[in-house]
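Input: a single structure, listed below in structure tokens.
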Amino acid sequence: MTPSPVSQRPAASPYGDRSSDAARLDAFKGLFIALIVAGHNHTFEAVAGEARGGLYLVHVAMFLLLPFLRPRSEWSRLGWADGLVRYGWPMVVFCTLYAGLFALFSGRSPGEAVLDVPYAALAMSAPAFERVTGLQILWFLPALIGLRFALKLLGAAAMPSLRLLLVLAFAAHLFVGLLPQAWLQVTPLGWPIVAYMLFPGLVAHALQSGGFRIPLRQVGPALLVAILLAVLYRHAGAVFGASPSAPLFSLGKLEVPSIAEPVRLLAADAAQLIVLFSGLTLCGLAAMQIIFADLGRHSLEIYLFHQPIYIALLTASRKLGIAAGDIGMGLVLFALTLALAFAMARLLAGFPRLRRLLFPHGAPDLRRLSAPRVGAAVPIRARASDTPAGR
Numbered sequence: 001m002t003p004s005p006v007s008q009r010p011a012a013s014p015y016g017d018r019s020s021d022a023a024r025l026d027a028f029k030g031l032f033i034a035l036i037v038a039g040h041n042h043t044f045e046a047v048a049g050e051a052r053g054g055l056y057l058v059h060v061a062m063f064l065l066l067p068f069l070r071p072r073s074e075w076s077r078l079g080w081a082d083g084l085v086r087y088g089w090p091m092v093v094f095c096t097l098y099a100g101l102f103a104l105f106s107g108r109s110p111g112e113a114v115l116d117v118p119y120a121a122l123a124m125s126a127p128a129f130e131r132v133t134g135l136q137i138l139w140f141l142p143a144l145i146g147l148r149f150a151l152k153l154l155g156a157a158a159m160p161s162l163r164l165l166l167v168l169a170f171a172a173h174l175f176v177g178l179l180p181q182a183w184l185q186v187t188p189l190g191w192p193i194v195a196y197m198l199f200p201g202l203v204a205h206a207l208q209s210g211g212f213r214i215p216l217r218q219v220g221p222a223l224l225v226a227i228l229l230a231v232l233y234r235h236a237g238a239v240f241g242a243s244p245s246a247p248l249f250s251l252g253k254l255e256v257p258s259i260a261e262p263v264r265l266l267a268a269d270a271a272q273l274i275v276l277f278s279g280l281t282l283c284g285l286a287a288m289q290i291i292f293a294d295l296g297r298h299s300l301e302i303y304l305f306h307q308p309i310y311i312a313l314l315t316a317s318r319k320l321g322i323a324a325g326d327i328g329m330g331l332v333l334f335a336l337t338l339a340l341a342f343a344m345a346r347l348l349a350g351f352p353r354l355r356r357l358l359f360p361h362g363a364p365d366l367r368r369l370s371a372p373r374v375g376a377a378v379p380i381r382a383r384a385s386d387t388p389a390g391r
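Note that the UniProt record's numbering numbers the sequence shown so that position 252 is 252, with each residue one more than the last.
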């Protein structure tokens, strides 16, 4: 959720200059945050199971691949404290908020909910967040912190060549899917997710550094290949003797393929890379930027707001006797969820101090908030670098 959640702006890319890259990446994040909201819609889950399976294979993964598109020379300049504050602080704030809401509507005592928050904030796993808040989505934030930390380490001058890093990352990639469930209950900084994503991320980096891109005229055939790979991922068992039906691909729950299912593993990796580079090409179109760029600039806020909004809308529709399982109503709920989450993000942008409190850009933002205010009559205005696009 980068929802980005993360905005990464390479110093140079095969797509154009830095300013065109910024608009392209905002549109890219906007497109995929909209797909994440769609993927969490129960109506689409019921009526489009196979399509939803393909969606889960790629939508969140795109935000975890984007950081790798920075030049490697910039990785070491990623700040330790900035990453921890930028994503760790919202994790704690929204874990506390959602734990309170969950207690309010589930009958749990507020005291129990408050006591559970430190456990979830330290465990940093989807099961822990679900137990405490009723939602899994917060797993994404510690995974982003862990990914930034990994990139900072890999960008150090003492690190080996990219070729050797690819070999080591591939070895980890093969075995993450075999980790026992007991190991996935406590995952500080999303370490298994980071270990799994390093290999496709480094491949994306190598391709980007080499000037690889998918031309616009080839995007259609490329996406068709990605769809076929998604079908192969779901149904490889019938042909290659793997388990009969793969579960939905889920990074948060580490329901990912491993060396035990090599065909599914390669299909997932290839589909994600094809969608990444196809999406980057499509989002260079002016129409895509007009439609999605504003969403992308608020992708982190939309990611954290959308599920409670959807649950509230779904509950209201059921109480009104509206058939929420109808495809038309599903589309209405999707549009309302996305629109309300975006409206809340835009409204929050009008209150810079509150937005910095909930979504600090980094450690300096929190220091400024804690410093005594001088000349309180002078309004504090949001700077361009403080927008969620800077993430």
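Where is the CB? At the ideal position from N, CA and C, for every residue including glycine.
query	result
Residue 161 in three-state terms, based on DSSP	coil
Inter-residue Cα distance where the pair is residue 169 and residue 346	39 Å
Helix, strand or coil at residue 261 according to DSSP, with G and I counted as helix	coil
Contacts around residue 177, its chain only, beta-carbon distance under 6 Å, and the 5 residues preceding and following it disregarded	256, 257 and 258
Bridge partner(s) assigned by DSSP for residue 250	255
Candidates 55, 322 and 145, of which the one nearest residue 82 by Cα	145
Pair within 8 Å by beta-carbon distance, residue 202 and residue 162	yes
Nearest-angstrom Cα separation, counted from residue 90 out to residue 355	11 Å
As assigned by DSSP and simplified to three states, the class of residue 349	helix
Stretch pair the region 296-304 + the region 326-334: three plus CB contacts closer than 8 Å	no
For residue 391, the three-state DSSP class (helix, strand or coil)	Low confidence applies to residue 391: its pLDDT is 42, below 50, so where it sits in the model is not reliable enough to give any reading.
Cβ-Cβ separation, residue 165 to residue 67 (assumed contact under 8 Å), whole Å	Contact flag wrong, Cβ pair sits at about 15 Å.
Stretch pair the region 178-197 + the region 131-150: three plus CB contacts closer than 8 Å	yes
Burial state of residue 318, where buried means 16 or more other Cβ atoms lie within 10 Å	exposed
Simplified DSSP state of residue 315, which is helix, strand or coil	helix
Residue range of the alpha helix (DSSP H) that includes residue 98	89-106
Any alpha helix (DSSP H) of 4 or more consecutive residues that is wholly inside the region 170-222	191-209
Status (buried if at least 16 other CB within 10 Å, exposed otherwise) for residue 125	buried
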